[in-house]
Each structure stands twice: as C-alpha cells, then as structure tokens.
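The structure appears right after this line, and notes come after that.
Chains as they are written, first to last, in the numbering used here: chain Z, 1 to 104; chain G, 105 to 299.
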C-alpha cells in the first residue's frame with residue numbers, strides 16, 4: 001500500500017517542462033495555422049480575384065468599343081440622311097424658284 | 105413542319121420586298137479624281153445597330169430621325185467633290201439615270217439648269233402601291249451625288265430634318281461642312297478599328 005502511494009506520489013509530483021517546451025509548442029501552433037490556410041489557397045484566391053478583375057476589364061473594354069462602333073454607325077446614318085435631305089431640299093427649292101434667275 | 109416552311113417563305117419574301125429599290129451605283133472610279141468623297145453603305149446588321157443607337161441616345165435634333173429610319177432597309181450615298189470641272193462624264197450620270205428609268209421607279213421631281221450645268225432629280229420606287237425606295241441624283245460641275253434609300257421614307261420629313269441633324273443650318277446645298285464631318289468621322293472610325 002505504502003509502495004503504491006509512494007509510486008503515485010512520485011508520478012504525480014510537479015515537474016517543470018523541459019527548457020524548449022514553449023518554443024516547440026508555439027512553432028507547432030504556427031505550423032497548425034499554416035495548415036489551415038496553405039499557400040496554394042492564397043495563390044488560388046489571388047488568381048481568382050485577378051481573373052475576375054481581368055474579366056471585368058475586358059468586358060467593359062468590349063462594351064466601350066461596341067458603343068464607339070455603334071456611335072460611328074449612327075453618325076454615318078445621320079450623315080446619309082443629312083445629304084439626302086440637302087439634295088431633296090435643293091430640288092424642292094429649284095421647283096419653287098422655277099422661272100426665276102436662280103433656280104438651282 | 106409545313107407551318108415552318110410557310111413562315112420561312114414569308115420571311116424570305118419580306119426580305120426581298122423593296123430590294124428592287126437598291127441601285128447598282130458604279131462610280132467608284134471617280135474616287136481617285138475626287139477631292140473629297142463621301143461613301144455611306146448601311147444595310148442589315150450595321151443599319152440595325154445605327155438605328156438602335158440613334159433610338160437609344162438621340163442627340164439634339166435627332167429625335168425625329170428615329171421615326172424616319174423605322175423600316176429602312178438600306179441607305180447608300182456616293183458623293184464626290186472635285187477640284188476642277190469635267191472630272192465625271194455624262195455617261196456616269198446616264199448609267200445611274202438608266203437604272204432610275206427601270207420598272208418601279210418614278211421621277212418625283214427633276215430640274216435641270218443648262219446655264220449652270222446642274223441637274224437634280226428625286227425618284228421614288230413603288231412596290232405594291234407603296235413607296236419602297238428613294239433615290240436622289242445631283243450633278244453639278246464640281247460635285248456628283250447619288251443617294252439611294254431602300255425602304256419606306258417620308259421625303260417631306262427628310263427634307264425638313266435637313267440642317268437639324270448635324271446641328272448646322274441649311275448647307276446651301278454645298279457639302280463641304282458635311283464632308284469635313286465625314287473626314288472627322290473616318291478618323292474616329294479608324295481610331296476605333298485600331299483599338
């Protein structure tokens with residue numbers, strides 16, 4: 001009985017941890033943290049964000065170019081109408097001024 | 105199936121409607137002699153794009169043009185301004201006039217001034233009792249212009265619109281300011297192409 005008690009006492013007696021325990025523990029904790037979000041995930045997230053940005057830029061650029069192209073076509077259409085209108089008015093004026101000096 | 109074939113047939117016939125109003129303007133050889141050239145060729149998807157953009161964002165004076173271009177199938181303009189007289193021949197004018205004397209075409213108004221050597225004519229193309237095309241031929245000593253509009257067009261409205269569209273008063277029938285605008289437009293278009 002006494003032997004058992006003595007053995008228990010010896011086993012449960014307070015002991016200081018080895019000198020590098022804290023450092024080892026902290027480095028393990030840091031290692032765990034790294035394992036939670038490894039580098040490749042950061043890289044993947046970065047790549048995803050970059051591709052999203054590139055996608056938005058390309059889309060906006062495409063929309064701008066399309067808009068400029070449509071604007072140029074609109075200008076051409078308006079120019080065609082303007083010339084047609086000018087010539088029709090010329091004919092109209094000529095008819096109205098028929099017989100006068102400046103018919104055309 | 106039969107219904108689909110019928111629909112396709114109707115769509116095909118509809119697309120052909122007014123196509124007789126399209127002129128074959130062969131005046132490209134004059135471009136080399138001309139001081140300034142206006143060449144407008146709008147049809148199909150390009151015309152649709154221009155029409156949509158015009159309807160979406162009309163500038164000052166363009167609101168009436170939106171209604172005017174409704175149903176338009178094509179607009180073709182050839183305008184040549186020369187530095188000296190005699191750059192084009194009577195045969196060039198006759199080639200266009202010959203087409204305008206064909207089936208469906210009617211001369212709306214045609215005025216000639218022998219003294220000044222100027223001729224201007226407005227023609228309309230009728231199909232099924234409806235006006236499906238317009239052509240304007242203007243020949244001056246220093247300028248030759250052919251306008252061909254395929255599709256219904258209110259000529260009166262078009263005349264009233266002139267001078268409002270490009271934000272300038274009546275041009276006095278001289279195309280110089282318009283040609284300058286056309287050159288600016290060409291530069292702009294080339295810039296867009298380069299992008």
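Built from N, CA and C at the ideal position, the CB exists for glycine as well.
None of these values were measured; they are calculated from a predicted model.
Item, Value
"Closest Cβ-Cβ distance between residue 73(Z) and chain G: below 8 angstroms?", "yes"
"Using DSSP with H/G/I as helix, E/B as strand and the rest coil, what is residue 75(Z)?", "helix"
"At 4 residues or longer, and completely inside the region 185–237 of chain G: list those alpha helix (DSSP H) runs for me, N to C.", "194–204"
"Using the C-alpha atoms, what's the distance from residue 191(G) back to residue 263(G)?", "28 angstroms"
"Between the Cα of residue 87(Z) and those of 148(G), 220(G), 251(G), 233(G), spot the shortest distance and give me the residue it belongs to.", "251(G)"
"Buried or exposed, going by whether 16 or more other CB atoms sit within 10 Å of the CB of residue 185(G)?", "buried"
"Kindly list, in the order they appear in chain Z, the residues whose Cβ is closer than 7 angstroms to that of residue 166(G).", "78"
"Would you kindly report the start and end of the unbroken beta strand (DSSP E) that includes residue 147(G)?", "140–147"
"Look at the alpha carbon of residue 75(Z) and the alpha carbon of residue 154(G), and state the distance between them as a whole number of angstroms.", "8 angstroms"
"Touching or not, the region 171–187 of chain G and the region 138–145 of chain G, by the rule of three or more beta carbon pairs under 8 angstroms?", "yes"
"Verify the CB distance criterion: does residue 92(Z) have a CB-CB separation below 8 angstroms to chain G?", "yes"
"Can you confirm whether the region 153–173 of chain G touches the region 209–225 of chain G when touching is taken to mean that 3 or more C-beta pairs between the two stretches lie within less than 8 angstroms?", "no"
"Does DSSP put residue 50(Z) in a helix, a strand or coil?", "helix"
"Since residue 253(G) is in the beta strand (DSSP E), which residue starts that stretch and which ends it?", "247–254"
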